[in-house]
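So the structure is just underneath, and the comments pick up after that.
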Amino acid sequence: MTETTHFSSRAFVFENGALREVPEETAAGYRGSGFVWLHYDGSAMKGPAARLPGHIPDLVAGALLASETRPRCDVIGEGALLNLRGHGMRPTLDSDRLVSIRVWSEGNKVTSVSRNTLAALDTVEDLLRGGKVLDAGDFLAALANAISIELDPQIAELGDRLDDCEEEIEQTNIYLLRRRIAVLRSDAISLRRFVAPDRDALGSLAQADLPWIKPDDKLHLREAGDRFARMAEELEAVRERAALLHEQLTDLRAEIVDQRSLAIAVVAFIFLPLTFVTGLLGMNVEGIPFAGHAWAFWGVVVFCLLIAALVVGWFVARRWWED
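Numbered per my numbering, the sequence shown finishes at 697, counting up by one with no gaps.
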């Protein structure tokens, strides 16, 4: 993959089998038959001074520059507004695990905006340089497939990490394991929040009646949508399995507490009669039997041992450790 340097805006024109990077003004005013991709860094486009080329409708420009977005697809005239979420090249500062890419497509011209660098954009640029992206339909299909392929290993890793937790449930400290499972469940919920809408947005785009989306583009869009659907199902399975495993750990902790409480109760039951005997014989009053005999102390010890043996034997006969 080629090394890409990201500027506040980048513009490409693919014409007559050759790709060239041009200034923003040239791309915005391009009227030829080639394909144009104009990409903006949305993090540098904030406030009332933020603007996009004049050929973009105000409604679309507002959606492209919105601070908060969710995956969606809207057909406006002969164009399509597509918002997707994918893996970023750098960790985000907010709670959203996935970064957004907003795209406005009009046949042979695509304008995209992202506030954080999307990892899939490098893949799309490589395809563009290789002459495999010839129009907006190719671009959207390539972008959707690149995003889904980037996300697939991450979501599979969540399932693998949960498998490891299930294998360690009898060997690892359950309190540490509960924290790991809680993190996995939180990650699954955070990812599914955008993966499922990504699937719906691509499904809507694949069904859109736009002249520049060819049948093979729709096939690739459906393929990416199916991959997002599978990932959404995997995330839902991870979430449910994590919840069940959390409940299992809670039951295991309760069982451990019950076992320890039972052991304490058995010990207390053994010493209860011994405490009564020693307390009774330890009273500082006249009339304690055999108080003046030398063998009396050892007699009481033997008597206590016999009582303890009888109590322990009774518990063993009842097989108390199986309760």
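Idealized CB from N, CA, C, for every residue including glycine.
From a predicted model like this one, the values you see are computed outputs, not experimental measurements.
In the DSSP annotation of this structure, the continuous segment of the beta strand (DSSP E) that includes K483 starts and ends at K483 to S488.
By the neighbour-count criterion, in which a residue is buried when 16 or more other Cβ atoms sit within 10 angstroms of its Cβ, D432 is exposed.
Put simply, of Q622, A580 and F568 the residue whose alpha carbon is nearest the alpha carbon of D470 is F568.
In this structure R566 touches A606 by the C-beta definition: roughly 6 Å separates them, less than 8 Å. For F671, the closest alpha carbon among the candidates V659, V651, V685 and G687 is that of V651.
Contact between the stretch 536-547 and the stretch 489-502 is absent: fewer than three C-beta pairs spanning the two stretches fall below 8 Å. Inter-residue distance for R573 and L458 is about 9 Å (C-alpha atoms, whole angstroms). For the pair S479 and L455, the Cα-to-Cα distance works out to about 7 Å.
A distance below 7 Å between beta-carbons, with the five flanking residues on each side excluded, links V387 to the following residues of its chain, in chain order: R394, V396, A401, Y404, G408 and V410. Per DSSP, the unbroken beta strand (DSSP E) holding N457 starts and ends at G453 to G460.
Straight across, the Cα-Cα distance linking S486 with Q622 is about 47 Å. Partner residues in a beta bridge of V631, as assigned by DSSP, do not exist.
Around I543, the same chain offers L551, L619, Q622, L623 and L626 as residues with beta carbons nearer than 8 Å, after the five sequence neighbours per side are excluded.
Taking a C-beta distance under 8 Å as the contact criterion, V477 and L426 do not qualify as a contact pair. Three or more Cβ pairs drawn from the stretch 502-511 and the stretch 582-601 lie within less than 8 Å of each other, which places the two stretches in contact.
Straight-line measurement puts the Cα of F677 at about 15 Å from the Cα of G687. In the three-state reduction of the DSSP assignment, V473 falls in the strand class, which pools E and B. Its chain contains P431, L433 and V434 as the residues whose beta carbon lies nearer than 8 Å to that of I450, once the 5 sequence neighbours on both sides are disregarded; these appear in chain order. Taken atom to atom, the span from the alpha-carbon of L684 to that of S635 is near 21 Å. When DSSP states are grouped into helix, strand and coil, L636 belongs to the helix group.
Boundaries for E389: no alpha helix (DSSP H) harbours it, while the beta strand (DSSP E) harbouring it runs S383 to E389, taken from the DSSP string. The beta-carbon distance between V659 and F689, rounded to whole angstroms, is 34 Å. This is too long to meet the 8 Å contact definition. Between the alpha carbons of R444 and P571 lies a gap of roughly 8 Å. Remark: C-beta atoms of G460 and L501 do not approach each other more closely than 8 Å.
Just so you know, the alpha carbons of E614 and R601 end up roughly 20 Å apart. Unbroken alpha helix (DSSP H) runs of no fewer than 4 residues, entirely contained in the stretch 500-566, are found at 510-541, following chain order.
Counting C-beta atoms within 10 angstroms of its own C-beta, D561 has 16 or more neighbours from the protein chains shown and is therefore classed as buried.
Judged by their CB atoms, R464 and S474 are not nearer to each other than the 8 Å cut-off.
Annotation: the continuous alpha helix (DSSP H) that includes A682 extends over A670 to A691.
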